[in-house]
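Visitor: Quick note on numbering: full-length UniProt numbering labels position 445 of the sequence shown as 445, and the sequence is numbered without any gaps. My structure is below; once you've seen it, I'll send some questions.
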Amino acid sequence: MGAEPTLTPEWGEELVKTMEMGNFHYPESLKVFIEKAPFTYGYWCHVKKIFKLLEKRLIEIAKAISLNDTASLLSSSLTGIESEEKIAYKDVILNLTVMFNRFEKFKNFSMKEFETLNPWSFHQPRVKWGGDVKYSQEWIFIDDKKIKVQDIVNHLITYPGVRKAEVFGYPHPDEPKKVQLRAVVQLKNRTSITQTAFIDFLNFQMPEPVPEVIHFDYQNFWEKGERGQLNFPHIPFRKKGDLSPVFSGPTRWLKKDPIHADLRPYLLETIPSTRTMDYIRRRCRRLLRTLQNEQPTLYVDLCFNYFNQLKRPQKGNLNSQWLLTEIIFGLDEAVTQRKHGRGNIKFPENYHLNEDRKEPCQEAWNNHLPKIKKVLEAGKTYLIVLDFLAKIWENQKSDKDKLSLSSDRLNLYLQSASVPLIKLVLNSFSEDLVPYDVNPASLARALVMLKVEEAESYIKDLFESGKQKLTQEWLEKFSYDFDDAIYSQQKDVFTKGANKKTINLVLLTLRFPWAGRKKVEPENLE
Numbered sequence: 001m002g003a004e005p006t007l008t009p010e011w012g013e014e015l016v017k018t019m020e021m022g023n024f025h026y027p028e029s030l031k032v033f034i035e036k037a038p039f040t041y042g043y044w045c046h047v048k049k050i051f052k053l054l055e056k057r058l059i060e061i062a063k064a065i066s067l068n069d070t071a072s073l074l075s076s077s078l079t080g081i082e083s084e085e086k087i088a089y090k091d092v093i094l095n096l097t098v099m100f101n102r103f104e105k106f107k108n109f110s111m112k113e114f115e116t117l118n119p120w121s122f123h124q125p126r127v128k129w130g131g132d133v134k135y136s137q138e139w140i141f142i143d144d145k146k147i148k149v150q151d152i153v154n155h156l157i158t159y160p161g162v163r164k165a166e167v168f169g170y171p172h173p174d175e176p177k178k179v180q181l182r183a184v185v186q187l188k189n190r191t192s193i194t195q196t197a198f199i200d201f202l203n204f205q206m207p208e209p210v211p212e213v214i215h216f217d218y219q220n221f222w223e224k225g226e227r228g229q230l231n232f233p234h235i236p237f238r239k240k241g242d243l244s245p246v247f248s249g250p251t252r253w254l255k256k257d258p259i260h261a262d263l264r265p266y267l268l269e270t271i272p273s274t275r276t277m278d279y280i281r282r283r284c285r286r287l288l289r290t291l292q293n294e295q296p297t298l299y300v301d302l303c304f305n306y307f308n309q310l311k312r313p314q315k316g317n318l319n320s321q322w323l324l325t326e327i328i329f330g331l332d333e334a335v336t337q338r339k340h341g342r343g344n345i346k347f348p349e350n351y352h353l354n355e356d357r358k359e360p361c362q363e364a365w366n367n368h369l370p371k372i373k374k375v376l377e378a379g380k381t382y383l384i385v386l387d388f389l390a391k392i393w394e395n396q397k398s399d400k401d402k403l404s405l406s407s408d409r410l411n412l413y414l415q416s417a418s419v420p421l422i423k424l425v426l427n428s429f430s431e432d433l434v435p436y437d438v439n440p441a442s443l444a445r446a447l448v449m450l451k452v453e454e455a456e457s458y459i460k461d462l463f464e465s466g467k468q469k470l471t472q473e474w475l476e477k478f479s480y481d482f483d484d485a486i487y488s489q490q491k492d493v494f495t496k497g498a499n500k501k502t503i504n505l506v507l508l509t510l511r512f513p514w515a516g517r518k519k520v521e522p523e524n525l526e
């Protein structure tokens, strides 16, 4: 595979064949295809098939572990020995979690949205991709006849005024199981072609089969008043009552591509429906639940790999993320799902204040503290995931390694409004000195998120025990920030008056030095 490969539908077809034959040798190719393949006609069928094959393989591995089947265990690469016949365990896990992430974030696009968005957003999720994506196949079967697409393209571009062309198969509108031949023809300019002359060219100079539907485009960008398509009455499959032929308006092109016309706008109708994606996500969730029951250790390993796909900042509302909710809150009956398991997740009021663990396979999670430590120290995944792992870490009473958190991670966790993450950091301060680069405002906002008695306990430990070596300047800055944080934590203080927590927090501010009002010069204001 070159430095800038071109992704093609045949790529997915070849991967499926090798996986089905049990003779798999292309882990890097599989990873690229899973990450980059658009969910459109020619690709989506292979994406679905690969998912089902990976799912089947993972269940086989789980059963082999449960039965202590050594031979299968080796072929699964769980002992570090790569199988020469079947896809390795690490590749199964990696590619499944990439699929989980894409399925959870997938969004159906309309033509209007596609016009206004960066075209690369059509590849969900958006990715940096050095290669190209080709949407048409090299060969298409029409009525069991194998047709080389490039031959048709070569004939189309011989017409004067045609800059480039692309031919693709498309589900027939009247017979979805039948393939309809379509083409996109990009013109050099608006006046380079006339409808009558081009139809004569198709009728008398183009060899069979002739594309049934022709889409026209120009080298410039969108002109919203002139979209449509040209249907030819002489083409087979055309039925009485179909629309009269009209020229299409322009669509958006990738100008860097000198060869292929851009098919993406014409394939929007072929992306999977919301119902289809919901079915796929339910199937992913069933896989998680199967592993919870049959092989908890493997399940937790899968979850860690999934967390690696979830990079901050969090994208999308947790209410719509079924898989992440299953992993973190799967045992909580108070967390429900609308539409009989097919709608958004519904959380109880003030659920973010709940510090109890509600995840399945708790014992298996407890046995993975080194991995939890690594994720917490990196701090690159979603805050809700870090919150979840912090609960597990703080729940362990046995000896465990000390966390090594950078100042960026310390400030991030203190400002996160997550009580488990806040306590994780504050408990580390009970053993070590507060680093000089911890922002006083971060610590102040962390303390007001806690219950008053908890905040008072941490204040005693941090400021009154004599262990910390904090400068007078730092303490004065903290006193201002603590006062500001107390004011901010009760949004209705002016309309309803200070509540009990606010009053008690205000009393705690009396323990800190107060330098009085500071005069701020205008030139010092940012």
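Ideal Cβ positions, reconstructed from N, Cα and C, are used throughout, including at glycine. Given the structure is predicted, the values throughout are model-derived calculations rather than measurements.
#1: So, Q137 versus P9, is the Cβ gap smaller than 8 Å?
#2: Short of 6 Å in beta carbon distance, which residues of its chain neighbour F100, apart from the five on each side in sequence? Order them along the chain.
#3: Does S416 pass the burial test, meaning 16 or more other C-beta atoms within 10 Å, or should it be called exposed?
#4: Tell me the DSSP bridge mates of K460?
#5: Measuring CA to CA, which of L58, K105, R102 and S66 is closest to K90?
#6: Since V167 sits in a beta bridge, which residues does DSSP pair it with?
#7: Are there 16 or more other CB atoms within 10 angstroms of the CB of T325, so buried, or fewer, so exposed?
#8: Below 8 Å on the Cβ atoms is my contact criterion, and I expect G161 with I193 to pass it. Report the Cβ-Cβ distance as a whole number of Å.
#9: With DSSP as the reference, identify every bridge partner of V133, one or two as the case may be.
#10: Look at the Cβ atom of Y159, then the Cβ atom of F216, and state whether they are nearer than 8 Å.
#11: In its own chain, which residues sit with a C-beta less than 8 Å from the C-beta of S66, not counting the 5 before and 5 after it?
#12: Starting from I157, trace the alpha helix (DSSP H) in both directions and tell me its first and last residue.
#13: In whole angstroms, what is the alpha-carbon distance linking D437 and V425?
#14: Return yes when the Cβ of L353 is within less than 8 Å of the Cβ of V375, no when it is not.
#15: Please state whether DSSP places T336 in a helix, a strand or coil.
#16: State the beta-bridge partners of T381 as determined by DSSP.
#17: Can you look up I87 in the DSSP assignment and give me helix, strand or coil?
#18: On the three-state DSSP scale, how would you describe D44?
#19: Roughly how many whole angstroms lie between the Cα atoms of V167 and L94?
#20: Between E377 and L403, which are expected to be in contact by the criterion C-beta below 8 Å, what is the C-beta distance as a whole number of angstroms?
#21: Measuring only the C-alpha atoms, how far is I157 from D151?
#22: For Y458, count neighbouring Cβ atoms within 10 angstroms of its own Cβ and tell me buried if that reaches 16, exposed if not.
#23: Using three-state DSSP, classify W393 as helix, strand or coil.
#24: Using C-beta distances below 6 Å, list every residue in its chain close to W393, excluding the 5 sequence neighbours before and after it, in chain order.
#25: Tell me whether N203 is buried or exposed, calling it buried when 16 or more other Cβ atoms sit within 10 Å of its Cβ.
#26: If I measure Cβ to Cβ from N344 and keep anything under 6 Å in the same chain, skipping five residues before and after, which residues do I get?
#27: By a C-beta neighbour count over all protein chains shown, 10 Å radius and 16 as the cutoff for buried, is C45 buried or exposed?
#28: Given this structure, state the Cα-to-Cα distance separating L263 from V300, to the nearest angstrom.
#29: From I328 to E359, what does the alpha carbon distance come to, in whole angstroms?
#30: Specify the secondary structure class of K17 as computed by DSSP and reduced to three states.
#31: Look at L54 and L96 and say whether their C-beta atoms are less than 8 Å apart.
#32: Which residue from Q472, K460 and E454 puts its Cα closest to that of K501?
#33: Tell me whether D408 is buried or exposed, calling it buried when 16 or more other Cβ atoms sit within 10 Å of its Cβ.
#34: What residues match up with W139 in a beta bridge as DSSP calls it?
#35: Under the three-state reduction of DSSP, which class applies to P513: helix, strand or coil?
Guide: On the basis of the coordinates in this document:
#1: By one-based count along the sequence shown, residue 137 stands at place 137. By one-based count along the sequence shown, residue 9 stands at place 9. Contact flag set, yes.
#2: As a working note, residue 100 is residue 100 in the sequence shown. C284, Y306 and L323, listed in sequence order.
#3: In the sequence shown, the residue the question calls residue 416 occupies position 416. Buried is the call here.
#4: Along the sequence shown, one-based indexing puts residue 460 at 460. Paired residues: none, contrary to the question.
#5: Taking the first residue of the sequence shown as position 1, residue 90 is located at position 90. It is L58 whose Cα lies nearest to the Cα of K90.
#6: As a working mapping, residue 167 is identified with position 167 in the sequence shown. V167 is bridged by DSSP to A183.
#7: For this step, residue 325 is matched to residue 325 along the sequence shown. Counting the other CB atoms within 10 Å of its CB gives T325 a total of 16 or more, which places it among the buried residues.
#8: Counting from one through the sequence shown, the residue named residue 161 turns up at place 161. Counting from one through the sequence shown, the residue named residue 193 turns up at place 193. 5 Å between Cβ atoms; contact.
#9: As a working note, residue 133 is residue 133 in the sequence shown. DSSP output for V133 lists L7 as bridge partner(s).
#10: By 1-based counting over the sequence shown, the position of residue 159 is 159. By 1-based counting over the sequence shown, the position of residue 216 is 216. One thing to note: Y159 has its Cβ no nearer than 8 Å to the Cβ of F216.
#11: For this step, residue 66 is matched to residue 66 along the sequence shown. Only E294 and Q295 meet the Cβ criterion.
#12: Here residue 157 is taken as the residue at index 157 of the sequence shown, counted from 1. Taken as a continuous stretch (DSSP letters only), I157 belongs to no alpha helix (DSSP H), as it is neither H nor E.
#13: Reading the sequence shown from its first residue, position 437 is the one you call residue 437. Reading the sequence shown from its first residue, position 425 is the one you call residue 425. Distance between the alpha carbons of D437 and V425 is about 14 Å.
#14: Here the question's residue 375 lines up with position 375 in the sequence shown. Here the question's residue 353 lines up with position 353 in the sequence shown. No, the Cβ-Cβ distance between V375 and L353 is not below 8 Å.
#15: Taking the first residue of the sequence shown as position 1, residue 336 is located at position 336. DSSP places T336 in strand when its eight states are reduced to three.
#16: Residue numbering aside, residue 381 sits at position 381 when the sequence shown is read from its first letter. Note: T381 sits in a beta bridge opposite K311.
#17: The residue given as residue 87 occupies position 87 in the sequence shown. The answer is coil: DSSP assigns I87 none of H, G, I, E or B.
#18: Taking the first residue of the sequence shown as 1, we reach residue 44 at position 44. The question names Asp, but residue 44 in the sequence shown is Trp. Looking at W44 - three-state DSSP - the assignment turns out to be helix.
#19: Position 167 of the sequence shown, counting from 1, holds the residue named residue 167. Position 94 of the sequence shown, counting from 1, holds the residue named residue 94. Approximately 34 Å between the Cα atoms of the pair.
#20: The residue labelled residue 377 in the question sits at position 377 within the sequence shown. The residue labelled residue 403 in the question sits at position 403 within the sequence shown. That pair is a contact at about 6 Å.
#21: Translated into the one-based positions of the sequence shown, residue 157 becomes position 157. Translated into the one-based positions of the sequence shown, residue 151 becomes position 151. The straight-line gap from Cα to Cα measures roughly 10 Å.
#22: Along the sequence shown, read from residue 1 onward, the residue named residue 458 stands at position 458. By the 10 Å Cβ count, Y458 comes out buried.
#23: Numbered from its first residue, the sequence shown carries residue 393 at position 393. Note: W393 maps to helix in three-state DSSP.
#24: Taking the sequence shown and counting its residues from 1, the one referred to as residue 393 is at position 393. Closer than 6 Å at the Cβ level, and outside the excluded window around W393, lie I372.
#25: Counting from 1 along the sequence shown, the entry for residue 203 is found at position 203. Classification of N203: exposed, given that the 10 Å Cβ count is below 16.
#26: Taking the first residue of the sequence shown as position 1, residue 344 is located at position 344. Beyond the five residues adjoining it in sequence on each side, N344 comes within less than 6 Å, by CB distance, of N319, S320 and R338 in the same chain, given in chain order.
#27: In the sequence shown, counting from the first residue as 1, residue 45 sits at position 45. Per the 10 Å Cβ criterion, exposed.
#28: Here residue 263 corresponds to residue number 263 of the sequence shown, with the count starting at 1. Here residue 300 corresponds to residue number 300 of the sequence shown, with the count starting at 1. Roughly 41 Å separates the two Cα atoms.
#29: Translated into the one-based positions of the sequence shown, residue 328 becomes position 328. Translated into the one-based positions of the sequence shown, residue 359 becomes position 359. Taking the straight line joining both Cα atoms gives about 5 Å.
#30: The residue labelled residue 17 in the question sits at position 17 within the sequence shown. Assignment of K17 by DSSP, reduced to helix, strand and coil, places it in the helix class.
#31: Here residue 54 is taken as the residue at index 54 of the sequence shown, counted from 1. Here residue 96 is taken as the residue at index 96 of the sequence shown, counted from 1. For L54 and L96, yes; Cβs fall inside 8 Å.
#32: Here residue 501 refers to the residue found at position 501 of the sequence shown. Among Q472, K460 and E454, the Cα nearest to that of K501 belongs to E454.
#33: As a position in the sequence shown, residue 408 is number 408, starting the count at 1. The residue is exposed, with fewer than 16 neighbouring Cβ atoms inside 10 Å.
#34: As a first step, residue 139 is located in the sequence shown; it is residue number 139 there, counting from the start. DSSP, once it has assigned bridges, lists K148 as partnering W139.
#35: For the purposes of this step, residue 513 is identified with residue 513 of the sequence shown, where counting begins at 1. Coil, per DSSP.
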